[in-house]
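Novice:
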């Protein structure tokens, strides 16, 4: 007999049952068919266990002979019920039956279960615990080695982790490296958990692959060829994904940076190039910050010290190169000749290299750029760096304060070391307090606890920030005493969200145009729009842990926090002038529930005009060199905040500047012209005395902001009747077209919101796209038939729903939210790592969906949803803990098990409408919706160019840049290259009308690349398709090629057939 036949004979003893047991088992099957899991089934099983001479052996025999053992798929089967009942029964009897747990029985149980359920890890883990496999774990070692020989790497790693045999596979080349090359990083994580030696060994091995002189791609390709590794993702053999993996392992397992010296060197090289760019290209790094960060990046690396000299010579700053040559005492024979020449010219100043360099080095501020400056006296900026000053700040600094600006600073990190919080700035109307976290550290926990109570835990003090939730998360992670503070909600106001909401939902117009070439959505840009001058960021990128702090660092840190209060005042005052309900918006951002007075939507709104301020008193001191957006700078009303002490004596100087008028704007271009007929269609509301010709904005720092901060910090909805009949969004023609096309039950000429909160589903569409403003506008024009704003449901109702969910032992399917239909192409979501199948379905429906892989806890997904204002979809049972990142109404837990049912559940709950034009309007690989149409003739030209390119590269296809990352969707495969439909023209004729962005003639035919320089993946398309299909569509962001085929037909006739709304 063969060895396999002998093994089968051995297993036969552990799996065969006699006739009496078969009859008993038939009875058990009938009971299960009638009642499933019930008390009768439980009693029948426990009675059997009680009478069995060897319960372990008898249970194993019963288990493998139940009718559903061979096709068991979940925990609701009879086989699983048997093993669960036995686990409960044996728990209190282990000691009495311990002698029956012999190694042969354990090995037989392992083999029997593995034969039928190799991938049922839940069952394997259950049996492993019951039969105590770990006690004799070495007997399974050969079985796992055999699995590795059979190339079953995934299962071998899972079993090794269950049996705690990781130390036998410490050599990464045996098991872990094949898994990495197959992109099975989740299995690698499970294998490494609790094994620090294996973690260190893998990280060290990967770090050696990227050592200088090593070619990681050749090494890994040779390994794949030699060991015949199947299902390899070849893009993972590149340097970049290996480098990212090393950094991830260091962070995830908190390993010492000493484990990866080569990664540190590579990062320092990149950091040095980055510093050169910021200093000599961007001009955004002053000399002090530059030298601090260069010392930090280079350290004691002799090679980088020499490379720095060459880089500086290439930037034509030989004088700075001379400074560093002397600083690092580099031998003169290693100096570039240009630095030697400079040294000879300044021989008489040989001992003053630093000062000489400083005198001749270009400073970023020498280009006549005027920056926004701090208007507080220097003595009002207080550095808190010891216990006494900390106590003084807690006693007096926040007394009678209702609003603060909060900002943080930390030293940039180049290597694998995590950055640590260095400064916390708290700005009030009169002072800025800079808490020196580096100096104070965690030595005064009682004072940090007190700060948490009186500031972060106090809802009556509004904390204003820019990206405030992320800053609060940094504080939580850095200071244990503040680890439980909230990151958002009542008492927290994010100017980033407020900015976006005002502009996108209310057409807010800023006082200044700003530099059209400076477009990033940063705090500096917001300052420029409000004051005409941006922030000087030359100290931002500096060593904030170095003590003592430089004076320029202190001023920079103070201004970063204080300008938040200044911006808030400007936004409030200009909102008042444009009749925008600023307080309501701020309350909405903070998720504060409040009531609205009902208005008659059928009544035609009367046109009213605002009371014009007294021009003689409109004096506002504008920053020098600023270009106001209008002929005059708007006065700053202390909107909603009143302080009697500061009501009198407010005198604000204001210069008038001429600028071109902007027609069609909802503001008065020049207060000199009171001809209201020039402003047709502008519906203004006379306020109840808010605009009473008093000056509302005081540039003088002594009075600046006092009105605002004297008010209660919680932005309340005041019951003073100011907003009762206020028109909050009056651009009638615009809304008329939108609501008419969307068939809204609303009067066409009424631009009001029916006093309900609305949310713009269109905001920041697909931030992962590197799209232009022109592309965004084109897309908006194509979407004008939809109502892009969906009503905010009542906040209190949401909380009631959430309370019911919290009280339920198992979350019930949530009823559909009371929302207007949401067009699929405007909806933006994040799927966590457990919803890979759903993410593919959503993309197929044209929904902007990001799938986060290998996110075990779900925190990365929640943070991404918070940053990009997306809906988070998760299967995490403890999803309520994500409320630290985003409101729970923006987090939905999926109940259904299969992707098809999950799709139905999600679309029904959120009211998402899918049309035929949405299907396959988004790339299934990269989530982009930007495509180029390619006729067959052009595709033939591309094919010829592709052949020439691969011949030039010795018939090797070079990977795309997007292929070099580890964050790829493992659920996305080649089935997107669907076959040809025989009668496609008769079936699907609206390809060009899909809700995508379709362009023509954007390809580089010679280079065979898209407009974003991504290689067109012609090698992935079958030859018969290239010959027969007449029209192709290529994703601009990854080069994936699509065509109308049977895959599309199957999709339209599949699960989404009943979900598509006919147009």
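Residue numbers (the UniProt record's numbering): 1 to 1063.
Where is the CB? At the ideal position from N, CA and C, for every residue including glycine.
Owing to the predicted nature of the structure, the values given are computational and were not obtained by experimental measurement.
#1: Sorted by chain position, which residues of the same chain lie with C-beta nearer than 6 Å to residue 841's C-beta, five sequence neighbours on each side aside?
#2: Whole beta strand (DSSP E) runs in the stretch 865 to 943 with 3 or more residues, listed along the chain?
#3: What do you get for residue 487, buried or exposed, if any count of 16 or more other CB atoms within 10 angstroms of its CB means buried?
#4: For residue 278, is the classification buried or exposed, using 16 other Cβ atoms within 10 angstroms of its Cβ as the cut-off for buried?
#5: Mark residue 815 as exposed unless 16 or more other C-beta atoms lie within 10 angstroms of its C-beta, in which case mark it buried.
#6: Quick one: give me the first and last residue of the beta strand (DSSP E) that residue 1092 is part of.
#7: What are the residues that DSSP puts in a beta bridge with residue 823?
#8: With a threshold of 16 other CB atoms inside 10 Å of the CB of residue 431, please say whether the residue is buried or exposed.
#9: Whole beta strand (DSSP E) runs in the stretch 66 to 114 with 3 or more residues, listed along the chain?
#10: Quick check on the burial criterion: 16 or more other C-beta atoms within 10 angstroms. Buried or exposed for residue 511?
#11: Leaving out five residues before and five after residue 864 in sequence, what residues of the same chain have Cβ atoms less than 6 Å from its Cβ?
#12: Please name the residue in 174, 525 and 256 whose C-alpha comes closest to that of residue 228.
#13: Just checking my contact of residue 266 with residue 210 at CB under 8 Å: how many whole Å lie between their CB atoms?
#14: So, is residue 464 buried or exposed, given that buried needs 16 or more other C-beta atoms within 10 angstroms?
#15: Spell out a yes or no on whether the stretch 529 to 543 and the stretch 468 to 479 are touching, meaning 3 or more CB-CB pairs, one atom from each, closer than 8 Å.
#16: Which ranges does the alpha helix (DSSP H) cover as unbroken runs of at least 4 residues, wholly within the stretch 201 to 283, from first to last along the chain?
#17: By Cβ distance below 6 Å, which residues in the same chain neighbour residue 496 in space, the five residues on each side in sequence not counted?
#18: Can the beta-carbon of residue 918 be found less than 7 Å from the beta-carbon of residue 849?
#19: Between the alpha carbons of residue 826 and residue 914, how many angstroms are there, rounded?
#20: Which of the three DSSP states is assigned to residue 195 in this structure?
#21: Measure the CB-CB distance between residue 1021 and residue 1041 and report whether it falls below 7 Å.
#22: Please report the straight-line C-alpha distance between residue 63 and residue 82, rounded to a whole angstrom.
#23: Using alpha carbons as the reference points, say which of 588, 292, 41 and 336 lies closest to residue 313.
#24: Could you tell me the distance, in whole angstroms, from the CA atom of residue 442 to the CA atom of residue 123?
#25: If you draw a straight line from the alpha carbon of residue 1050 to that of residue 925, how long is it in whole angstroms?
#26: Report the residue from 930, 546 and 108 whose alpha carbon sits nearest the alpha carbon of residue 422.
#27: What are the start and end residues of the beta strand (DSSP E) that includes residue 999?
#28: Comparing alpha-carbon positions, which option in 129, 302 and 875 lies nearest residue 855?
#29: Leaving aside the five residues before and after residue 1005 along the sequence, list all residues of the same chain whose C-beta is less than 8 Å from its C-beta, in chain order.
#30: Look at the Cβ atom of residue 148, then the Cβ atom of residue 87, and state whether they are nearer than 7 Å.
#31: Do you know offhand how far residue 217's Cα is from residue 477's?
#32: The alpha helix (DSSP H) spanning residue 584 covers which residue range?
#33: Just verifying my parser: in three-state terms, what is the DSSP assignment at residue 676?
#34: For residue 397, which residues of its own chain have a beta-carbon under 6 Å away from its beta-carbon, when the five flanking residues on both sides are left out?
#35: Taking 7 Å as the cut-off, decide whether the C-beta atoms of residue 832 and residue 858 are in contact.
#36: Taking the beta strand (DSSP E) that residue 410 falls in, what are its first and last residues?
Specialist: Checking against the coordinates, here is how it stands:
#1: 899 and 903
#2: Those beta strand (DSSP E) runs which fall completely within the stretch 865 to 943 and span 3+ residues are 871 to 874, 891 to 893 and 930 to 935.
#3: buried
#4: Label assigned to residue 278: buried.
#5: Note that residue 815 has pLDDT 46, beneath the 50 cutoff, so the model's placement of it is unreliable and no number is given.
#6: Any answer about residue 1092 is impossible in this case: the structure gives the chain only from 1 up to 1063.
#7: 913
#8: buried
#9: none
#10: Buried, by the Cβ-count rule.
#11: 830
#12: Taking only the C-alpha atoms, the option nearest residue 228 is 174.
#13: 6 Å
#14: buried
#15: no
#16: 216 to 227, 239 to 252 and 261 to 277
#17: 466 and 467
#18: no
#19: 11 Å
#20: coil
#21: In this structure, residue 1021 lies near residue 1041, with their beta-carbon atoms less than 7 Å apart.
#22: 7 Å
#23: 336
#24: Computed Cα separation, rounded: 46 Å.
#25: 19 Å
#26: 546
#27: 997 to 999
#28: Nearest Cα to residue 855 within the set 129, 302 and 875: 875.
#29: 938, 941, 942 and 945
#30: no
#31: 37 Å
#32: 582 to 589
#33: The pLDDT assigned to residue 676 is 36, lower than 50, so where the model puts this residue is not dependable, and the model offers no usable value.
#34: 433
#35: yes
#36: Following the DSSP letters along the chain, one finds residue 410 inside the beta strand (DSSP E) bounded by residues 403 to 410.
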